[in-house]
Every structure is written in C-alpha cells, then in structure tokens.
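Chains P and G, in that order, are what the protein sequence lines are. Here the working numbering is used: the first residue of the first sequence is 127, the next is one more, and so on. Here the working numbering is used: the first residue of the second sequence is 1239, the next is one more, and so on. Ideal Cβ placement from N, Cα and C applies to all residues, glycine included. Since this is a predicted model, take the numbers as computed values, not measurements.
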Amino acid sequence: MHILLIEDDQSAAAYLIKGLSENRHQVDHASDGDDGLHMALTGEYDILVVDRMLPKRDGLSIIRMLRADNNNTPVLVLSAMGEVDDRVEGLRAGGDDYLVKPYAFAELLARLDAMARRSADIDGPSRLSVGDLELDIFKHKVTRAGRVIRLQPRELRLLEFFMRHTGQVVTRTMLLEQVWDFHFDPQTNVIDTQISRLRSKIDRDFEHPLLHTVRGVGYRLDESP
Amino acid sequence: MNLHRLRHTTAIRLALRYALFYALLITLGLGVLYWTIDHYVDAQMAASLESELARLNQIEHDTGRDALITSINEELQRNNSDNQRYYLLQSTDGALLAGNLTGWPNNFATNKIVRNVWVEDDLIPGRHADEDGFWPMIAMQLDDGSRLLIGQSVQQAEDLQEFILGTMAIILAVSVGLALTMGWLLGRTLLQRIDSINATAQSVTAGELSGRVQLTGQGDEFDELGGHLNTMLERIEKLLTGMHQVTDNIAHDLRRPLARMRNRIEVTLLEGRDAGEYMLALEETLQDCDELIRTFNALLEIAQAEAGSVRGEWKTIDLTTLLQDLGELYLDQAEAQGKHLSLKIEANLKFVGNRHLLAQAVGNLLDNAFKYTPDSAMILLEAKPEAGKLWLSVSDNGPGIAGDQREHVLERFVRLESERSTTGNGLGLSLVRAAAELHKAELKLEDNQPGLRVSLILPT
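Structure, rendered in structure tokens:
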C-alpha cells in the first residue's frame, strides 16, 4: 500500500516508516500539517496515517479539508488523547479509525489492513468463503465441506468479521470494538474463550484448521497455516 | 470589626441611604402637617374675631352705646392671660371710650377684614416685652363715626407652633436614630456572616483544604451560599486528594515495573548474548510495557471519570442489551474456568449515561468475580428496577471481602493480601467507583453470605 504518514515526532515517524516498509508498504512522510495536507491533496495514496496534534495545522483540520475536497482516502487518526469523546470527535471529523498512543505496532498494521479492505468494498458480498468454509449472510447459514454448522448470532457476526478480513491479522481490541461495540480492555481473556468456542465449531472436526492464533497480536482466518 | 470597615459595607451604606430618605420623607410630612395646622389656627382666630365684631356691632345696634361699653368691659374682665383679646372703642375725635389698647394702630382700616398688624409695645398697657409681633386684628366704623377695633394676642398660637415644632424635631431625631441603629445592627450581622465565609476562603487559599463554612442552621441565604461553597470545596478537595493520590501511586506503583524493565535491559546488555536471549528479553520487556500502558490507561480513565470530563458521550443506553452482551461475553469464560455465570436481567431497562464507562465498570466487576473465586463458583449478573432505581449487581459465592476492608478496596492500587497471587493493578474497583459517582449512582459492597455482592444503584 502507498501510505502517507503525517507525524511531527521524528523518532516515532522513523520507527513507523521502518516498520511499515518492512511490511512491504511504501511510505511518504510529512512532518507538519501544511505539508501533510499539500501532499495528501496532490499525491495518490491508499491510506493516510495522521497524528492529531501537528504544527501549523492539526490533524482533524487536514481530514476536514480533504473530505470537503471530496477526497475519500481512508484516514487512521493517531492521538495521545484517549478519551472516548476525543475518539468520537476524531471519527466525526471524517477519520475512519482512531488509535491512541501508545499503541502496539501490530495493532496499527492490522487496522491499516482492515481499513484498506473496508474501502475496497464497503458492503461486500453476501456470500463469503474461505477454503471449504462458506457463509451465507442473509440465510445465516454456515457450511464447511458441505456440512452445516450451527452458530449463535454473535458467533455468526464474529465469523463474518473474520471472513471479511481473510488473511489479515485481527486483534482482540478490534474484535471487541467491531463485533461487540465495547471500547474497553477486559482483564480476563474473554475474547480468547469466544474464539476457542468458534474454533471448536468450525475447526475441531476438520483436518485443516482455518482460524489461527497470531502470537502476541490476535487471530487470522486463512486457508494457509 | 472596626468602624471604618463597617462604614464601607453595603449594608451600612444602604442603611444610611434609607435613613436619609426616611428623614426627608418625615420632614416633608411633618412640614405639611405644620403648615396645615398653622393655617387652621389663623383661620380659626380670624373667624372668631369676625364673629366677635359682629356681636358687638349687634349689641350697639340693638341696645345702644352704653350696652356696648359694658359688654367690652365684661369681655376684658373675662379675658385670661393666655388667650388675650384686646379691644378699642374710639370716638370720632380719637378719645378712648372703652378697651385696653392705648392707641389706634397706624392706619389700620375699618373695613371688617382681619389683617395681621405689627403691634408696638406702647399700644398695650402693662404688657410683657416679648409680646410684640403680628397680631390679627379687625376694625369697623360704627354708625356715629366712632371706631371699634378687636385684636388677638398670638401668644397661644405661637405656643402651639413651638410645641408642634418641638415634637417634630423629636420624631425626626428618633426615627433617623432608629434607622441608623437598625442599619448598623444589620450591617454588623451581615458582616459577621460574610466574615465567617471570608475566613474559610482565606484558610482554604492558605492551603487548609479541609476548611468549611460554618452553617448556622437557620436555612437562610447565607446558609445556602455556605452550603454551595462547602459542596464546591468538598469537590475541590476530593479532586486534589485524588490527584495527589495518583501522583503518589504512579511514583510508587509504576516505578517497580519500570525498575524491573530497566534492570532486565541493563543486565542483557552487560555482555554479548545470542539472538534467542535478546529476543526473550525484548518480549518480556514488551509485556512489561503493555502492563504499564494498561495501568496508565486505567489511571487516566479513572481520573477522567472522576473529573466528570467524559460527559460528552451522555446518551440513553439500552441497559438490557448492554448487560446481556457483556454477560454473553463472559459466559464462555465461565464455562472454560468451570464456573457458573447466570444472568438475571430484566427486559427494557433504559438508562442515560456513558455506555463505554458503564460497560467497563460492569466488565471490571465480572473480571473480579472470575479472578477471586475458586473453581465451580456461582456468579450472578443481575439487573432489575426497584423503588424507582435501577439495581445492577454482580454477586459471587467466593471468599468475599471482610467488612472493614470494603471501603479500602475502592481506593487506587489497593490489593488485598489474599489477592497477591493473581494478576491485576488494583484499579478495577476504583474505576467502578468513579463511574458510579459520575452517574450519581450508589456503590454498595455487601456480604453475599457467602461471597461478595457489588451493587450499582443507578438513579432513573
């Protein structure tokens, strides 16, 4: 992906550029708000990563200017302000996702992948498949290798989320936010137990597991191990 | 309280202004009264002089000159000293026929009209020196050309005037005095009340945060003001204490993991190691970092909730759905740990508040219930309306918390001895308390016999 990073903290920017480049992304960097807006308006980017507090022009103002210019490039807002109100404000300004500093790099990467996918097709097809696992969203029907699997409504939504992000790493926080709409951090591993229940239904009786654990980050639904 | 200060108080200024105003008003009223009385007295005297003249004229007309003279002499004898009347009957050549005036006042016309005439002392025989002045007089020419004059001493009227003026002065002095006294008393009372508030403000400014305004219990506006100030001071004190506590706690509880991290990195760097060792050290450091961030976020969240700054996201929450979702999230957890979680959530529970914070609070309570109970424990998440409130409770049949510890565990970073073996930062219940306070809810920790029951009693 071609990513524009607008971030004034030079060492944080350097580390982000390094990490993103190592993950085969092409990164341009602007270190103040005016440069960032100029580059965003003139260049062709798949995604923007914008720090909220910038010299010359703040991050939210950049997003508003872009949106006013009918530029719908997905934007991930980075911020040191973590209040729920700030998140709401960031999303309202036209940001597509919001990440509070300090964050895990894997979380950022996973979210960028998810955002790129989301912008590709917003509603997505109503029939999804990964390998021999199929999901018909309208009929609430799940089959694997032709065998019908019964899922609870919440498990269906969880599976749908995974299938829409096939091959991508999905973090626990993303799941909690997207599937449950909870923006908090449970101390016990409630997400893990949800996943293991889903896994027991779609993977246990089959030879090749599809739902993989990515150590220290989250999960990934993929045909290849 | 010195006089100079008292003089500058609003109460005293008001009192002085009122005193002046009332003095003017009273002066005006009494002036009008005085003027009216004066005119009445004059009119009275004129009328009596006119009727006396008419009567004497009638006597002369009916019964002749001798009868007139006899009448005048009778009147003169009857006259008392206070209300003295003076008579003069003069023949055409100016000879005195009857009466007690020695001569005719200068150019006094015989036109039967009462006029005030300056009476010289020599007109009156044996009179007192201070009796001169303007006297009302009346005169007429009789049929034979002789003249009759009647005059009235104003001594009595003057006495009356003096009396009225004296009384007026007393009334004026007393009322102004009273107004000033009242104003002074009022000013002093107000000043005393204000002084007590000022004293509190000064002591708080000086750093004595526990200072409170003394209330008199009269329920007046000063008590109301004092009450409001006290509430404000309590809030300020609480916020400041909270801040101090956070600073202390950060210093204490974040230092340990930081020291651990630093030591690990330092030791790892002491000599060359293989990639595996470096990786292990980095992974452990990352875990410590995450733990630190989590603690830090929890602290911030508590601070925000306590400061009430997350109110922006206030909206109606479908509590039933929220709790069912949360419960469902933990159901599998219970199964995996061999515990029993039951949900008893009534339908259609609505509440206005911050969804995120409530979810976090209930999540923390459930986390605790799972963490601090043995295997096969029973945990109940319950929500019901009762007596106009929403009762939301998480109860378990675990070891519970001793009665004297229940208040203590709500504080930041407090972890009981028995909990040392489990992970945690001791902030879970602090957030629950902050969330409860933000939502004006009551937080209750009770003995579940056995176990612990934590209830949030939300206002509706």
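Cβ shell of residue i (< 7 Å), same chain only, five flanking positions each side left out
i, result
"G/R1653", "G1662 and G1664"
"G/R1502", "A1519, E1522 and T1523"
"P/G145", "F231"
"G/E1529", "P1495"
"P/H266", "L282"
"G/T1265", "L1410"
"P/K227", "L204, S205 and A206"
Cutoff 8 Å: residue i Cβ touching any chain P Cβ
i, result
"G/I1531", "yes"
"G/D1433", "no"
"G/H1594", "yes"
"G/Q1598", "yes"
"G/G1601", "yes"
"G/D1605", "yes"
Identity of the residue in the options nearest residue i by Cα
i, options, result
"G/G1546", "G/P1612, G/E1649, G/K1678 and G/L1335", "G/K1678"
"G/D1253", "G/G1415, G/I1275 and G/W1342", "It is worth fixing the name first, because residue 1253 of chain G is Ala in this sequence and not Asp. Per the Cα distances, G/G1415."
"G/I1362", "G/M1378, G/L1380, G/I1376 and G/S1391", "G/S1391"
"G/E1551", "G/V1505, G/G1464, G/R1593 and G/E1529", "G/R1593"
"G/S1614", "G/S1631, G/K1577 and G/A1621", "G/K1577"
"G/T1533", "G/F1651, G/L1291, G/S1289 and G/D1512", "G/F1651"
"P/L285", "P/G293, P/L347 and P/Y224", "P/L347"
"P/L225", "P/T319, P/L282 and P/R178", "P/R178"
"P/A219", "P/D184, P/L337, P/E133 and P/L336", "P/D184"
"G/Q1643", "G/L1667, G/A1625 and G/I1409", "G/L1667"
"P/F287", "P/V176, P/R270, P/T269 and P/I263", "P/I263"
"G/I1432", "G/A1417, G/L1453 and G/V1412", "G/L1453"
"P/G257", "P/P200, P/I328 and P/K227", "P/I328"
"G/L1618", "G/T1340, G/R1303, G/L1603 and G/L1386", "G/L1603"
"P/Q294", "P/P279, P/H338, P/S157 and P/G162", "P/H338"
"P/D212", "G/A1625, G/E1539 and G/G1601", "G/E1539"
"P/S252", "P/G272, P/R290 and P/F308", "P/R290"
Distance cut-off 7 Å: residue i Cβ against heavy atoms of the ligand ATP
i, result
"P/F308", "The model on display carries no ligand, and the ligand ATP is accordingly not part of it."
Cβ neighbours of residue i in the same chain (closer than 6 Å, five flanking residues each side left out)
i, result
"G/N1338", "L1314 and Y1324"
"P/A232", "V343"
"G/V1451", "I1435, T1438, G1464, L1467 and N1468"
"G/G1389", "Y1324, W1373 and M1375"
"P/H151", "M127 and I129"
"G/H1242", "none"
"G/A1261", "V1414"
"P/V340", "V295 and R346"
C-beta neighbour in chain G for residue i, strict 8 Å
i, result
"P/F287", "no"
"P/H309", "yes"
"P/P351", "no"
"P/V214", "yes"
"P/R280", "yes"
"P/P312", "yes"
Own chain, CB closer than 8 Å to residue i, minus 5 neighbours either side, in chain order
i, result
"G/A1621", "L1557, T1558, L1561, K1582, I1583, E1584, L1587, L1628, W1629, L1630 and S1631"
"G/E1475", "L1447 and S1448"
"G/N1311", "A1336"
"P/D154", "H128, I129, L130, L131, M165, G169 and Y171"
"P/G159", "I132, L180, P181, K182, R183, D184, G185, S187 and I188"
"G/E1649", "Q1483 and S1668"
"P/L202", "I173, L174, V175, V176, G221, D222, D223, Y224, L225, L234, R237, L238 and M241"
Requested in this report: Using a Cβ-Cβ cut-off of less than 7 Å, list which residues of the stretch 1551 to 1577 of chain G approach chain P; keep chain order.
Outcome: E1551, D1563, E1566, L1567, Y1568, D1570, Q1571 and A1574
Query raised in the report: Which residues, taken in chain order from the stretch 219 to 230 of chain P, show a beta carbon closer than 7 Å to some beta carbon of chain G?
Result: P228
Query raised in the report: Can you list, in chain order, the stretches of the alpha helix (DSSP H) that have 4 or more residues and sit fully within the stretch 1300 to 1386 of chain G?
Result: 1303 to 1316
Query raised in the report: Which residues, taken in chain order from the stretch 314 to 344 of chain P, show a beta carbon closer than 9 Å to some beta carbon of chain G?
Result: Residues are counted here when their Cβ sits less than 9 Å from a Cβ of chain G; for the stretch 314 to 344 of chain P these are T314, N315, V316, I317, D318, T319, Q320, S322, R323 and G342, given in chain order.
Query raised in the report: What runs of the beta strand (DSSP E), each 3 residues or longer, lie entirely inside the stretch 1446 to 1503 of chain G?
Result: none
Query raised in the report: Enumerated in chain order, which unbroken segments of the beta strand (DSSP E) with a length of 3 residues or greater are wholly contained in the stretch 210 to 291 of chain P?
Result: 223 to 226, 253 to 256, 259 to 262, 267 to 270 and 273 to 275
Report task. List in chain order: all unbroken beta strand (DSSP E) runs of 3+ residues lying wholly within the stretch 1248 to 1291 of chain G. Result -> Segments of the beta strand (DSSP E) lying fully in the stretch 1248 to 1291 of chain G: there are none.
**Report entry** Contained alpha helix (DSSP H) runs [length at least 4] in the stretch 1592 to 1622 of chain G, N- to C-terminal order
**Finding:** 1593 to 1609
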